[in-house]
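To convert a position in the sequence shown, counted from 1, into the working numbering, add 34. Scroll down for the structure; my scribbles are underneath it.
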Amino acid sequence: MNVSIIGTGYVGLVAAACFAEMGNHVLCVDINPAVIDALRQGKIHIYEPGLDVLVQRNLEQNRLQFTSDIREGVEKSKFLFNCVGTPPRPDGSCDLSYVYDVATQIGKAISEYRIIVNKSTVPVGTADAVSGMIRHEIEKRGIDVNFDVVSNPEFLKEGDAVSDFMKPDRIIIGTDNPEVAERIGELYSPFARSRDKLVIMGVRSAEMTKYAANCMLATKISFINEMANICERVGADIRDVRMGIGSDHRIGYHFIYPGVGYGGSCFPKDVNALIQTARDIGYTAELLTSVDQVNNRQKKIVSEKIKAYFEPIGGVRDRVLALWGLAFKANTDDIRDSAALVTIAELTALGMRVRAYDPAAGPNAARALKDNRLAEISDDQYSILNGADALAVVTDWNQFRNPDFKTIRSALNNPVIFDGRNLYSKKQLAGLGFTSFSIGRPQI
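As structure tokens, then:
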């Protein structure tokens, strides 16, 4: 099949590479000529494990092409996937200007039947608005062209997006047209060979499903962090509590890991967008508002523990913190809404110097922190420990899980570890001479 993907970010490029991998001919469209030029050389501009191999292979086998001309994409493909960004506005609502611009451009270029697929995360009612915009542009041209607008939300995790696309839990298709559902189903059939994964529903229900899914996951994270904070204060251990509640199949163990809160490009944006959507229709989303508030507080949990530890001995000013992890989670270079950046901002504002390392997100963090003279980004995990007054671990990269504690102990001025991801055994650390602080666990 011929497929055009408009937008080459995390969603668009992953979708393009995976569709091409299954034998389709895919044309990627992006308005940034530099991005297109790099992609034509097989150089990807985002960090996503396994994606570079897929792009290079399908580029070499001529199943994957790139252009900055949206008209070419509209003319060549029956399926037009709208995968452009939907960043948050200051009030938390979703900025749909890129989505609407694509709709307008499609309306100006379309000359025969096409299926327009909204894959970007968009508020309920966006498909109707897109359809109206395309129809308006067609009527201005004095022609009559049929088309359908479908909602097909993505459910990709950064750091595991290729696997999520190739082996999806479900494929949501929002359309009232059975023929369109069948055609989309044929496109996705290689990804659902073991069982029927297609879930067909109305367009608005599909749009809502994406928000409901992300908000549910965000709620689980804020819930377990709330429980962890209570555990610390009553002498309980969140690890035991998690095992106790997770054994109930109605709850399960997934997404109930206490830590420093959620971040990235999806959960914070989608929670706030749904809160704003509810506000626009006169409804107060009290639960989601609390989820957001708990998360914002949790992002400061490590910096608060650090400040509390140093306060009796002169405070954090002029002290040095070694920090491991800058991405909002492991296996990505995404620092959007990262708890690490909150930690750095909170502590450097009080005069503490922070030396930080991340296996992938260092360059992005360096750009974000270029004006913070107290923040230093390093490309060496252990050198930042030399002469530091403590170590904080904020991202759960695998290489942080079993580090060389002897080297850490000898390099630090004070053997203190702030474990924001509960990676380490407090008993083991105590035996090695460390003072440690974690999330929701009693002090030893």
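Glycine residues also receive a C-beta, built at the ideal position from the N, C-alpha and C atoms.
Burial state of residue i, where buried means 16 or more other Cβ atoms lie within 10 Å
i           : result
residue 304 : buried
residue 277 : exposed
residue 180 : exposed
residue 386 : buried
residue 311 : buried
residue 429 : buried
residue 347 : exposed
residue 293 : buried
residue 333 : buried
residue 250 : exposed
residue 314 : exposed
residue 187 : buried
Inter-residue spacing [alpha-carbon to alpha-carbon] between residue i and residue j
i           : j           : result
residue 286 : residue 131 : 39 Å
residue 229 : residue 239 : 23 Å
residue 64  : residue 100 : 8 Å
residue 267 : residue 273 : 15 Å
residue 316 : residue 156 : 19 Å
residue 154 : residue 112 : 18 Å
residue 73  : residue 50  : 12 Å
residue 93  : residue 107 : 17 Å
residue 122 : residue 128 : 5 Å
residue 52  : residue 221 : 11 Å
residue 319 : residue 124 : 18 Å
residue 509 : residue 169 : Residue numbering for the chain in the displayed model covers 35 to 478; residue 509 lies beyond these limits and cannot be assessed.
residue 297 : residue 134 : 26 Å
residue 342 : residue 80  : 38 Å
residue 88  : residue 82  : 11 Å
residue 443 : residue 379 : 26 Å
residue 86  : residue 47  : 10 Å
residue 279 : residue 465 : 30 Å
Residue span of the beta strand (DSSP E) that contains residue i, given as start and end
i           : result
residue 433 : Taken as a continuous stretch (DSSP letters only), residue 433 belongs to no beta strand (DSSP E), as it is neither H nor E.
residue 205 : 205 to 208
residue 186 : First-last for residue 186: undefined, no H or E at that position.
residue 155 : It is not in any beta strand (DSSP E) - residue 155 carries neither H nor E in the DSSP assignment.
residue 470 : 469 to 471
Cutoff 7 Å; reference residue i; Cβ partners in own chain excluding five residues on either side
i           : result
residue 84  : 196
residue 3   : The question about residue 3 has no answer, for the chain in this structure spans 35 to 478.
residue 323 : 309
residue 479 : Residue 479 lies beyond the range of the chain shown here (35 to 478); nothing can be said about it.
residue 381 : 337, 340, 350, 355 and 388
residue 435 : 457
residue 275 : 261 and 265
Cβ shell of residue i (< 6 Å), same chain only, five flanking positions each side left out
i           : result
residue 234 : 207 and 215
residue 302 : 371
residue 172 : 141 and 179
residue 469 : 450
Run of the alpha helix (DSSP H) containing residue i, from where it starts to where it stops
i           : result
residue 81  : Looking at the DSSP string, residue 81 is not in any alpha helix (DSSP H), and its letter there is neither H nor E.
residue 62  : Segment 59 to 63 is the beta strand (DSSP E) holding residue 62; no alpha helix (DSSP H) there.
residue 321 : 320 to 332
residue 273 : 272 to 280
residue 44  : 44 to 55
residue 221 : 212 to 222
residue 235 : Taken as a continuous stretch (DSSP letters only), residue 235 belongs to no alpha helix (DSSP H), being part of the beta strand (DSSP E) at 232 to 235.
residue 475 : From DSSP, residue 475 is part of no alpha helix (DSSP H); its letter is neither H nor E.
residue 356 : Not the alpha helix (DSSP H): residue 356 falls in the beta strand (DSSP E), residues 354 to 358.
residue 410 : Counting along the chain, residue 410 falls outside any alpha helix (DSSP H), though it belongs to the beta strand (DSSP E) covering 409 to 412.
residue 98  : Counting along the chain, residue 98 falls outside any alpha helix (DSSP H), though it belongs to the beta strand (DSSP E) covering 98 to 101.
Any non-hydrogen atom of the ligand GTP closer than 7 Å to residue i Cβ
i           : result
residue 446 : With respect to the ligand GTP, the structure offers nothing, as it holds no ligand at all.
Cutoff 8 Å; reference residue i; Cβ partners in own chain excluding five residues on either side
i           : result
residue 91  : 55
residue 413 : 391 and 396
### Cβ contact (3+ pairs, closer than 8 Å) linking the segment 459 to 472 and the segment 386 to 398
With the cut-off at 8 Å, the segment 459 to 472 and the segment 386 to 398 do not touch.
### Message
Would you call the segment 358 to 366 in contact with the segment 184 to 193, where contact means no fewer than 3 C-beta pairs closer than 8 Å?
### Response
The segment 358 to 366 vs the segment 184 to 193: in contact.
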